[in-house]
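Numbering (the numbering used here), first residue to last: 0 to 62.
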């Protein structure tokens with residue numbers, strides 16, 4: 000599911016007390032899932048955390 004649709008699903012499935020609570024939930028979703036966990040085609044279909052771990056290991060083996 001593309002990000003905008005998933006974002007709408009998050010908002011539609013929850014009853015937030017106010018706009019600030021909704022904004023905090025959306026921010027958490029973006030930072031925790033969308034940017035860190037989902038696979039990215041530009042980094043060989045790895046999650047960013049996996050990519051960074053692989054790069055760290057590669058750098059250590061080169062040194």
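The beta carbon of each residue, even a glycine, is placed where N, CA and C say it ideally should be.
All of these numbers come straight from a predicted model, not from anything done at the bench.
Looking only at C-alpha atoms, which of 19, 23, 52, 20 sits nearest to residue 35?
52
Can you tell which of 50, 28, 56 has its C-alpha closest to the C-alpha of residue 38?
50
Can you give me the C-alpha to C-alpha distance between residue 24 and residue 16, rounded to a whole angstrom?
11 Å
What does a CB cutoff of less than 8 Å around residue 9 pick up in its chain, not counting 5 residues either side in sequence?
So the qualifying residues of the chain are 24, 25, 28.
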